[in-house]
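Protein chains in written order, with my numbering: chain X, 1 to 100; chain U, 101 to 303.
Note that the Cβ used here is the ideal one computed from N, Cα and C, for glycine as well.
Written below as C-alpha cells is the structure these notes are about.
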Amino acid sequence: MTKMSIITNINKAFDHRIRLGIMSILMVNEYADFNMLKELIGATDGNLASHTKALENADYIKVEKQFIGRKPNTRYSTTKVGRAAFKKHIEALEKLINKK
Amino acid sequence: MESKDYLKDISEIKDLMNKSSRFISLSGLSGILAGIYALIGAAIAYWLVMNYSYGVLTLDGQVFRLCLLTLFLVAFFSVTTGIFLTTRKAKKHDAKIWDATSKRLVLNFLIPLIAGGAYILIILSQGKYGQSGGLMLIFYGLALVNASKYSIGDIRYLGYIQIILGLIGAWKPGYGFWLWVIGFGIMHIVYGTWMHFKYDTKQ
C-alpha cells in the first residue's frame, strides 16, 4: 500500500536522465538556451530536441524562439506546473531512497 | 537495484544544478571574507575620523580621502577574493567560469551597482554625504535582488536586508556608519556562514 502511493508520485515524464537534466538546470536558472543544455547534459542535438519537445508537450517547460543577430536561438524555461511537478518527483525519489 | 538508479538520478540532479548556477557554492567563503574586509575597513575609517578629524568628517579633508581609499580597497579585495574563489571552485567542479549564466549574473548585478555608485559620487561632489551610507546599502541590496534571478534564490534575502538597513540609514543618517558596518560587515559574515553550511559542506 505505501509502496503504491510512492510509485504514483514518480512522474513518468521525468523518468529519463536527459529530462531530469533539463529540469534540474531550468529549476535554478531563469532560462537556458539549447546549447547551454546540450553542453551541460552532454546529449546529442536530436536526443535533446526530442526530450525538450516531450517536456514542452506536457506543459512543464516553455519554449521561446528568437534571433540573436542572425542566429536562431531557442530559450527554455520552466512553467509553474513544471516546477511543482518536478519538486513532487524529487520528493518521491528521495522517499524511495530512504525507504530502502 | 532500482534504488541505486534513483540515487544516481538525485546526485546527477544536484550536480547539474551546481554546475549550471555555480555561484551559489562559492558565495559562502567569499561572503565571510568580504564581511571581514568591510569590518576592517570600517575600523580603519572609524579610527581615522576619531583620531585625526575629531569625530567629524569634512569632504575636502585628507581624512575623507583616506576613508574613500579604504572603501575602494575593501571593494577591490572583496571582488578579487570573489573572483579567485569562483575560479578555484569552478575548476574543481570542472565548469566554465565565463558562460552565459555568469555573464547574465554579473551584468544584472552591475547595473544597479554602477548606477548607484555614480549617483553617490555625484551627490558627494555636491557636498551631500550624509546619505551615502544608506544609499550604498540600498543600491547594493537592489543589485543583489536583481542578480538573484540568475543564481539560487538565497542572495535575494541578503538583498532585502541590505535595502531595509539602507532605508533605516536614510531615515536616521546619524547611524549610517553603524548600519553600514551591520550590512556590509556582519550580514556578509552571517550570510556567508549560512551559505557555507547549507551548500559547501554538504557536497
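X/Ser77 places its beta carbon less than 9 Å from that of X/Ile61. The straight-line gap separating the alpha-carbon atoms of X/Gly82 and X/Met23 is approximately 8 Å. Membership of X/Phe86 in the alpha helix (DSSP H) is indicated by the continuous run 80–99.
Contacts between X/Glu30 and chain U, judged by CB atoms closer than 7 Å, involve Lys249, Tyr250 in chain order. Unbroken alpha helix (DSSP H) runs of no fewer than 4 residues, entirely contained in the segment 198–267 of chain U, are found at 200–225, 232–247, following chain order. Counting along the chain, no alpha helix (DSSP H) covers X/Phe67; the unbroken beta strand (DSSP E) around it starts and ends at 61–68.
Proximity of U/Leu185 to chain X, defined by a Cβ-Cβ separation below 9 Å, is not satisfied.
The three-state secondary structure of U/Tyr146, taken from DSSP, is helix.
Shown here, X/Asn9 sits in a helix according to DSSP, grouped into three states. Nearest neighbour of U/Ile220 by Cα position, chosen from U/Gly135, U/Met236, U/Tyr152, turns out to be U/Met236. With a 10 Å radius around the Cβ and a threshold of 16 neighbouring Cβ atoms, X/Lys99 comes out exposed.
Put simply, the CB of X/Arg17 is near chain U, with a gap under 9 Å to one of its CB atoms. Close CB contacts of X/Val63 within its chain, under the 8 Å cut and outside five residues either way in sequence, are with Thr52, Glu56, Thr74, Arg75, Tyr76 (chain order). As DSSP reads the structure, X/Lys71 sits in a beta bridge with X/Ile68. Close to chain U, meaning a Cβ-Cβ distance shorter than 8 Å, are the following residues of the segment 77–95 of chain X: Ile90, Leu93, Glu94. Interface criterion not met: the Cβ of U/Lys298 is under 9 Å from no Cβ in chain X. When DSSP states are grouped into helix, strand and coil, X/Tyr76 belongs to the strand group. In the assembly as shown, U/Pro212 is a buried residue. Its beta-carbon has 16 or more other beta-carbons within 10 Å.
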